[in-house]
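Line by line, the protein sequences are chains R and D. The letter at position 94 of the first sequence is residue 75 when you use my numbering, and the numbering goes up by one with no holes. The letter at position 34 of the second sequence is residue 15 when you use my numbering, and the numbering goes up by one with no holes. We put the beta carbon where it would ideally sit given N, CA and C, even for glycine. Computed from a predicted structure; not experimentally measured. Below is one structure, written out as structure tokens; the observations come after it.
Protein chains: 2
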Amino acid sequence: MSIQNTAIVIDDHPLVARGVAAFLQSHCAFNSVFTADNQAQLWQLVDINHPPMLIVLDFWLQSGVSLDLLSQIKQSLPSTIILVVSADDDIAVQHKVQLAGGHGFIHKQANTDVFIQAVSSLMRHQTWFKPSSYHHQPKELTITAIELGLTVRQGEVLGMIMQGLPNKRIANALAVSEQTIKEHISGILSRMGVKNRIEVITKLRGKRLE
Amino acid sequence: MSIQNTAIVIDDHPLVARGVAAFLQSHCAFNSVFTADNQAQLWQLVDINHPPMLIVLDFWLQSGVSLDLLSQIKQSLPSTIILVVSADDDIAVQHKVQLAGGHGFIHKQANTDVFIQAVSSLMRHQTWFKPSSYHHQPKELTITAIELGLTVRQGEVLGMIMQGLPNKRIANALAVSEQTIKEHISGILSRMGVKNRIEVITKLRGKRLE
DNA sequence: AAAAGAATCCTACTACGGTAGGGTATATTG
DNA sequence: CAATATACCCTACCGTAGTAGGATTCTTTT
């Protein structure tokens, strides 16, 4: 028994939460929208008010807690619609959300009108899982060469670049000429939109390949 | 000649930008707040409207573009107040912002009332730089230039190397000749026992410099 | 069968990174 | 005072990285 036109936004960035809440009220015809920074606040809100129609859940990866929370919400508030918002636009994340029982998934990079569309779809009890319509700049900890639009060979070379190996050693390891490596690298650079291997390394800092 | 009560929010997440904008209007007494996803949109806005009273700038690190943009804004719109918002709670970032001429710095994790305080301080032409009141986990993943046996200047250069900047830009940023940078780098390399900057970057992978 | 893509090779060229070997100025320290 | 360290400047040199414009083979797609 959820109350129409009530929503809760949960995000560990209070400012963002408040912002999204304001947006929901002004553009998506929600009467009352509450915000929560963490799980405790969420359950508190649910206790004192009634179960909301919609929960907008920020998928924050660092603790990996989001999927657990999602399951808990599914169990405690079976009639509440759950929209997951993520800064990561990895398809894998979206898939996990879908498996865990989320009703919709949207990127933070998405346009506001996409957001409005998603919410209105959800309100009609439809789901919202789009195949990553936005510029594909995956930010998860692991990344595959294919996701970057690279060939298999380029992927191998990229791995060695990220290990800091110079062309000569890469060529040696793959038993081809140094020039061939250079050409693979040229392909990688133009595909990734950078100028040199150093930009590749810094761009992929903190990520692991394949 | 900035117009009172006008602000621009620039953030590469449109939803967040709109959210913050809505928040500024409802809680900080701004009449009109515009949003921009990128630099081009910002300059476009500035062209067709008048210079804003306040710019809220998201500090997105990946391209290291923010500090450049900050400088450009300082130059083009000297009377506009600049508040930088960052997801990183690194003191070094805050310091850089201060050096680059920002008027205030605040974490995305900060509470909304802190945000309101910051904005109202800035509107009174005071600055807002707090010593990271938030959970400051001093990781062992951070490393200082002194620990590496480097001089202060070498430390600065190392920081820029780790950001992936080429010598020319480092020289420009520090206002010295490119050759001087090369010599600092030679010092860094021999001290760290590596052959080139790429080995430096991969050797310090996962660590952060202070 | 023809076209397209991927991997391999080549030469030649440019630009950047780094070393070597000079020099000057300043501040700190023995 | 002399010595040391740091930061800054210069020219010259060399090696690596990356681009450009060729070419060959093989596989996959049309």
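Contact with chain D is absent for R:Glu128, since none of that chain's Cβ atoms lies less than 8 angstroms from the residue's Cβ. In this structure, DSSP gives R:His(-6) a state outside helix and strand, which the three-state scheme calls coil. For a Cβ distance threshold of 8 angstroms, residue set Leu(-4), Arg(-1), Gly0 and Ala3 of chain D lies close to R:Phe4, ordered along the chain. For R:Ala154, the enclosing alpha helix (DSSP H) has its first and last residue at Asn148 to Leu155.
In the structure shown, R:His8 adopts helical secondary structure according to DSSP, grouped into three states. For the region 139 to 152 of chain R, the beta-carbon criterion of a distance under 7 angstroms to any beta-carbon of chain D is satisfied by Gln144 and Gly145.
Residues of the region 75 to 108 of chain D with a Cβ closer than 8 angstroms to any Cβ of chain R, in chain order: Lys89, Gln90, Ala91, Asn92, Thr93 and Phe96. When DSSP states are grouped into helix, strand and coil, D:Val138 belongs to the helix group. Excluding the 5 residues flanking it on each side, R:Pro(-5) has same chain C-beta neighbours closer than 8 angstroms at Thr16 and Asp18, in chain order. At a cut-off of 8 angstroms, the C-beta of R:Asp(-7) has a neighbouring C-beta in chain D. Counting the other Cβ atoms within 10 Å of the Cβ of R:Arg(-1) gives 16 or more, which makes it buried. The region 4 to 15 of chain D makes no contact with the region 166 to 175 of chain R: fewer than 3 CB pairs, one atom from each, lie closer than 8 angstroms.
The C-beta separation of D:Leu103 from D:Leu35 comes to about 7 angstroms, placing the pair in contact by the 8 angstroms criterion. Inclusion of D:Val37 and D:Ala(-12) in the CB contact set at 8 angstroms is warranted, their separation being smaller than that value.
Distance from the Cα of R:Ser101 is smallest, within the candidate group R:Gln20, R:Ala156, R:Ile63 and R:Lys55, for R:Ile63. Taken atom to atom, the span from the alpha-carbon of R:Leu155 to that of R:Leu139 is near 12 angstroms. Separation of the CB atoms of R:Ile124 and R:Trp109 is rounded to 25 angstroms, and the pair is thereby denied contact status at 8 angstroms. The contact set of D:Arg172 on chain R, defined by CB atoms closer than 9 angstroms, is empty, because the minimum CB distance reaches about 18 angstroms. Within chain D, not a single residue places a beta-carbon under 8 angstroms from that of R:Thr61; the smallest gap is close to 21 angstroms. When DSSP states are grouped into helix, strand and coil, R:Leu129 belongs to the coil group.
Residues of chain R with a Cβ closer than 8 angstroms to the Cβ of D:Ile179 are, in chain order, Gly145, Pro147, Arg178, Ile179 and Ile182. Per the DSSP secondary-structure output, R:Val14 pairs in a beta bridge with R:Ala(-12). As the crow flies, the alpha-carbon of R:His31 is around 12 angstroms from that of R:Ser57. Residues Ile124 and Met143 of the same chain have their beta carbon placed closer than 8 angstroms to that of D:Leu185, with the five preceding and five following residues left out of the count. By the 16-neighbour rule on beta-carbons within 10 angstroms, R:Val(-3) is buried. Within the DSSP bridge table, the entry for D:Asp39 names D:Val66 as partners. Here D:Thr123 is bridged, per DSSP, to D:Arg189. According to the DSSP assignment, R:His88 belongs to no alpha helix (DSSP H) but to the beta strand (DSSP E) extending over Gly85 to His88.
Excluding the 5 residues flanking it on each side, D:Gln53 has no same chain C-beta neighbour closer than 7 angstroms. When 8 angstroms is used as the limit between beta carbons, R:Ser7 is near these residues of chain D: Ala3, in chain order. Under DSSP, the beta-bridge partners assigned to D:Trp109 are D:Gly85. Comparing C-alpha distances from D:Lys55 to each of D:Pro33, D:Phe96 and D:Val14 shows the shortest one belongs to D:Pro33.
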